[in-house]
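Chemist: Residue numbers (my numbering): 1394 to 1631.
Where is the CB? At the ideal position from N, CA and C, for every residue including glycine.
Just dropping this structure here.
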């Protein structure tokens, strides 16, 4: 059985064999955990069954922690850690990649740290780091911006600030978009930002159709592409 504590369990970024992205140690840990905090119950159950078909899902306890959770209700979030006090392990699973990175799980980890619980981050795929590794951009100074604002004025202001950070500090800017707006975002960047800036578009990372391409925005403006509804992450630098 795993030692009592909070286990941050990465899951796949795309479909495919688990052994391509997760070490065997993770599967051993998963088999010994009975309490899980998950972003989505359905995706977590599917992931656990893929880890081991013999896992009896009905004997496990699941609690959801996602964008619909009231993060101000600290008592309710603290309650998710109660099994640790009884000597149990609690696992955290997000929908894709590493939990607690651009994910509500970070609030649970913060409380665990304040309470003195042991926290165990397990090895697994991160779209942020993997895209940065393959982009050719500055890997010592970078910032993950999450989603850009939807409001037009706020969006343009954010893009201008990101451009200033690139020009002033050489800081790589990393961000995401709703998959159905991927193509529109590339066109927008090519239209409004300096043509010499380079954009890396990393899609379906670790998947069968993985594509990681870095071009100047001037080149993207002339290119043919289609990333519609494909999980994609974007990086900018000079």
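Would you mind reading off the limits of the alpha helix (DSSP H) that contains residue 1444?
Modeler: From DSSP, the alpha helix (DSSP H) with residue 1444 extends over 1434-1444.
Chemist: Please give me, in chain order, every unbroken run of the beta strand (DSSP E) with length at least 3 that falls completely inside the region 1477-1560.
Modeler: Correct list: 1482-1486, 1512-1514, 1535-1540.
Chemist: Do you know how far the Cα of residue 1461 is from the Cα of residue 1482?
Modeler: Looking at the two C-alpha atoms, the distance is approximately 24 Å.
Chemist: Quick one: Cα of residue 1603 to Cα of residue 1506, how far?
Modeler: Roughly 36 Å between the two C-alpha positions.
Chemist: Residue 1593 to residue 1442, Cα distance in whole Å?
Modeler: When rounded, the distance between both Cα atoms is 34 Å.
Chemist: Taking the alpha carbon of residue 1584 as the reference point, which residue from 1564, 1566, 1610, 1574 has its own alpha carbon closest?
Modeler: The option with the nearest alpha carbon to residue 1584 is 1610.
Chemist: Could you give the residue range of the alpha helix (DSSP H) that holds residue 1470?
Modeler: Counting along the chain, the alpha helix (DSSP H) containing residue 1470 begins and ends at 1467-1472.
Chemist: So what's residue 1422 in DSSP terms, helix, strand or just coil?
Modeler: Correct three-state label for residue 1422: helix.
Chemist: Do you know how far the Cα of residue 1577 is from the Cα of residue 1549?
Modeler: Going by the C-alpha atoms only, they are around 14 Å apart.
Chemist: In three-state DSSP terms, what is residue 1630?
Modeler: If DSSP states are grouped into helix, strand and coil, residue 1630 belongs with the strands.
Chemist: Would you be able to state if there are at least three C-beta pairs under 8 Å between the region 1413-1430 and the region 1511-1527?
Modeler: With the cut-off at 8 Å, the region 1511-1527 and the region 1413-1430 touch.
Chemist: Can you check whether the CB of residue 1534 is closer than 8 Å to the CB of residue 1560?
Modeler: Taking 8 Å as the Cβ cut-off, residue 1560 and residue 1534 do not qualify as a contacting pair.
Chemist: Quick check: what's the CA-CA separation for residue 1457 versus residue 1420?
Modeler: Going from the Cα of residue 1457 to the Cα of residue 1420 covers about 21 Å.
Chemist: Alpha carbons only, please: which of 1579, 1543, 1598 is nearest the one belonging to residue 1618?
Modeler: With distances taken between Cα atoms, residue 1618 lies closest to 1579.
Chemist: Report yes if the CB atom of residue 1600 is closer than 8 Å to the CB atom of residue 1409, and no otherwise.
Modeler: Yes, they are a contact pair.
Chemist: Which residues in the same chain as residue 1613 place their Cβ atom closer than 7 Å to its Cβ, once the five residues preceding and following it in sequence are excluded?
Modeler: Excluding residues within five positions, the ones whose Cβ falls inside 7 Å are 1579, 1583, 1592.
Chemist: Which residue or residues does DSSP assign as beta-bridge partners of residue 1566?
Modeler: Its beta-bridge partners are 1536, 1629.
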